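Participant: By the working numbering, the letter at position 24 of the sequence shown is numbered 24, and the numbering carries on one by one without gaps. The following block contains the structure, expressed as structure tokens.
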Amino acid sequence: MLLAAVYDALFAVAILFFPAPSAGLLRLELPDDLVYLRFNGVFLLMLAAMYLLAAADPRRYRGIVIVAVLGRFAGFVYLGTVWFGGGSATFLGLALADLFFSILHAVLWLRARS
1 MLLAAVYDAL FAVAILFFPA PSAGLLRLEL PDDLVYLRFN GVFLLMLAAM
51 YLLAAADPRR YRGIVIVAVL GRFAGFVYLG TVWFGGGSAT FLGLALADLF
101 FSILHAVLWL RARS
């Protein structure tokens, strides 16, 4: 969960403070209006904070871990579909990152249960 918190926090900072260079690095187009993109950055910071809670006490915050497993898998499916439909290869990379975190969270959650 700690690794995912850092990952999401870095994306949040990039979206909030460096959207143009980040989009260039990822080879993605920026929307004309950055309000919604930056709002997603705020949500990523909130997500990173929740991941930190779950990293500190996975049994107490097991609901967060379960939502993370399902949410990351949903991200994998969505971004994979975007890539499969002709989207940039960046979407495949992001999809695989979400799949990695989904599997990692599931494995760690199962270990914490036993």
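Beta carbons: idealized from backbone N, C-alpha and C, even for Gly. Computed from a predicted model, the values in this text were never measured in an experiment.
Does DSSP put P19 in a helix, in a strand, or in coil?
Facilitator: Taking the first residue of the sequence shown as position 1, residue 19 is located at position 19. Correct three-state label for P19: helix.
Participant: I'd like the span of the alpha helix (DSSP H) that includes G41, first residue to last.
Facilitator: Within the sequence shown, the letter at position 41 stands for residue 41. 35-56 is the span of the alpha helix (DSSP H), which, as asked, contains G41.
Participant: Quick one, which of D8, Y7, L37, A5 has its alpha-carbon nearest P19's?
Facilitator: On the sequence shown, position 19 is the one that residue 19 refers to. It is L37 whose Cα lies nearest to the Cα of P19.
Participant: Using the C-alpha atoms, what's the distance from V42 back to L16?
Facilitator: Residue 16 sits at position 16 when you count from the first residue of the sequence shown. Residue 42 sits at position 42 when you count from the first residue of the sequence shown. C-alpha separation (whole angstroms): 8 Å.
Participant: Figure out for me which residue from G86, I64, T81, S88 has the closest Cα to the Cα of S102.
Facilitator: By one-based count along the sequence shown, residue 102 stands at place 102. It is I64 whose Cα lies nearest to the Cα of S102.
Participant: Any chance the stretch 63-78 sits against the stretch 23-39, with 3 or more Cβ pairs inside 8 Å?
Facilitator: Touching, no, given that fewer than three Cβ pairs across the two stretches are closer than 8 Å.
Participant: Out of L99, D33, V67, which one is the CA nearest neighbour of Y78?
Facilitator: Translated into positions along the sequence shown, residue 78 becomes position 78. Out of L99, D33, V67, L99 has the C-alpha closest to the C-alpha of Y78.
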